[in-house]
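A.B. asks: Quick one: the structure is below, and I'll ask about it shortly.
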Amino acid sequence: YIIKLMPKRGNVVISRRKFVYEQKSEVRKSIMEAFVEGQVVQGVVKNITKYGAFIDIGGVDGLLHITDMTWSRIEDQTELMKIGDTVTVKILSFDKENEKISLGMKQLTENPWDKLDESIQTGTTIKGKIISIKDYGIFIEVIRGVEGLVHISEISWTDRINDLHKYFKIGQEVDASVVALERKNRRMSLSIKQLEKNPWERVVEEYKVGQRIKGKITNVADFGFFVQ
Numbered sequence: 001y002i003i004k005l006m007p008k009r010g011n012v013v014i015s016r017r018k019f020v021y022e023q024k025s026e027v028r029k030s031i032m033e034a035f036v037e038g039q040v041v042q043g044v045v046k047n048i049t050k051y052g053a054f055i056d057i058g059g060v061d062g063l064l065h066i067t068d069m070t071w072s073r074i075e076d077q078t079e080l081m082k083i084g085d086t087v088t089v090k091i092l093s094f095d096k097e098n099e100k101i102s103l104g105m106k107q108l109t110e111n112p113w114d115k116l117d118e119s120i121q122t123g124t125t126i127k128g129k130i131i132s133i134k135d136y137g138i139f140i141e142v143i144r145g146v147e148g149l150v151h152i153s154e155i156s157w158t159d160r161i162n163d164l165h166k167y168f169k170i171g172q173e174v175d176a177s178v179v180a181l182e183r184k185n186r187r188m189s190l191s192i193k194q195l196e197k198n199p200w201e202r203v204v205e206e207y208k209v210g211q212r213i214k215g216k217i218t219n220v221a222d223f224g225f226f227v228q
C-alpha cells in the first residue's frame, strides 16, 4: 500500500503490514460468515491469559473467558488446557463488524445448579469440601460445579479471624448453614457460625450491668483489653 507521496523529496512511503492485515481481515470476514451462534466447533488453544484463552477456530481467534470454561471454580486455566491443545467449544456470540467471537466450554455440559436437590433451602445444613480460600472468605463445593461462599464474618461469633489459612485448608470437609440461595443467579451464601447458638444471646440472659465476672485476656490494644 502506498501510504504517503513526497514528490519534492522524491520519496514514497509504503506498507506491507497494512496490505497483509487487510488481506487477512477479508479472510476472517469470509470465515465468520459461516458461523452461527450456538454452533459447536473445534479449535486450537493459541494463547492463554489471566482472563481466559484465545482459540483458533479455522483461521479466526475467539475468546474463551475463564468464567465460561467450567461450572466449577478454577484459580488457573492451565489446569484445564495448555497452548496447542485441541478443544471443543460453543460459539456464544460474535460481532462480525469488529471481528470478535465469544466462546464457551461449560455450555456444552448440563448446568450443575439444575441438579441441586430441591430440599436444599435457606436454613438447611449442608456438608461440603473447601475448594478455595480468599482473604474475604472460603468457597465450599456442595456438589460438583456448585459452590457457596462462607464470608469471613460468618466463621465465628467471637473469634477475631484475620488469616483463614490458619483455620482451614483446601480439601477439608466442613458443615455449614445455608443463609441465602439464588438458584437462577447461581449464588449461595453459607455460614459456619450459625450452626451454633449466638453466645451473645447467652450473655444477655446470664449477665447484667454491674455484675462482677472473671475472664481471660485474649487481646491487648492501645485503648484497653479484650476479655473473653
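Note that the working numbering has the sequence shown beginning at 1, numbered continuously upward. Idealized CB from N, CA, C, for every residue including glycine.
If you pair each beta-carbon of the region 143 to 151 with each one of the region 183 to 191, do three or more pairs fall below 8 Å?
C.D. replies: yes
A.B. asks: Please classify Gly38 as buried or exposed, where buried requires at least 16 neighbouring CB atoms within 10 angstroms.
C.D. replies: Locating residue 38 in the sequence shown gives position 38, counting from the first residue. When all chains shown are included, Gly38 counts as exposed.
A.B. asks: Skipping 5 residues on each side, what residues in its chain have a beta carbon closer than 6 Å to that of Trp71?
C.D. replies: Here the question's residue 71 lines up with position 71 in the sequence shown. The answer, listed in chain order, is Lys106, Pro112, Gly145.
A.B. asks: List the residues that DSSP assigns as beta-bridge partners of Leu190.
C.D. replies: Translated into the one-based positions of the sequence shown, residue 190 becomes position 190. Paired residues: Val150, Val178.
A.B. asks: For Ile143 and Gln194, I'd like the C-alpha separation in whole angstroms.
C.D. replies: Locating residue 143 in the sequence shown gives position 143, where the first residue counts as 1. Locating residue 194 in the sequence shown gives position 194, where the first residue counts as 1. About 21 Å.
A.B. asks: Over the uninterrupted beta strand (DSSP E) stretch that includes Val60, give me the two end residues.
C.D. replies: Against the sequence shown, residue 60 aligns to sequence position 60. Unbroken run through Val60: none, as it is neither H nor E.
A.B. asks: Per DSSP, what are the beta-bridge partners of Ala53 in this structure?
C.D. replies: The sequence position of residue 53 within the sequence shown is 53, counting from 1. Residue pairing for Ala53: DSSP places it in a beta bridge opposite Ile48, Leu64.
A.B. asks: Our contact map puts Phe139 next to Ile131 with C-beta atoms below 8 Å; I'd like the distance itself, whole angstroms only.
C.D. replies: Along the sequence shown, one-based indexing puts residue 139 at 139. Along the sequence shown, one-based indexing puts residue 131 at 131. Indeed they touch by this definition, with Cβ atoms about 5 Å apart.
A.B. asks: Does Lys216 come out as helix, strand or coil in the three-state DSSP assignment?
C.D. replies: For the purposes of this step, residue 216 is taken as the residue at position 216 of the sequence shown. Three-state result, Lys216: coil.
A.B. asks: If you run the structure through DSSP and keep just helix, strand and coil, what is Ser30?
C.D. replies: The sequence position of residue 30 within the sequence shown is 30, counting from 1. Helix at Ser30.
A.B. asks: With which residues is Val141 paired in a DSSP beta bridge?
C.D. replies: Taking the sequence shown and counting its residues from 1, one reaches residue 141 at position 141. The sequence as given places Glu at residue 141; Val does not occur at that position. Note: Glu141 sits in a beta bridge opposite Lys129, Glu147.
A.B. asks: For a test of the three-state rule: what should DSSP assign to Lys82, helix, strand or coil?
C.D. replies: On the sequence shown, residue 82 is found 82 positions in, with the first residue counted as 1. Collapsing the DSSP output to three states places Lys82 in coil.
A.B. asks: May I ask whether a heavy atom of the ligand GDP can be found less than 7 Å away from the beta carbon of Met105?
C.D. replies: What this structure holds is no ligand at all, so the ligand GDP is not there to describe.
A.B. asks: Could you pull the DSSP bridge partners for Leu164 from this structure?
C.D. replies: Reading the sequence shown from its first residue, position 164 is the one you call residue 164. Paired residues: none, contrary to the question.
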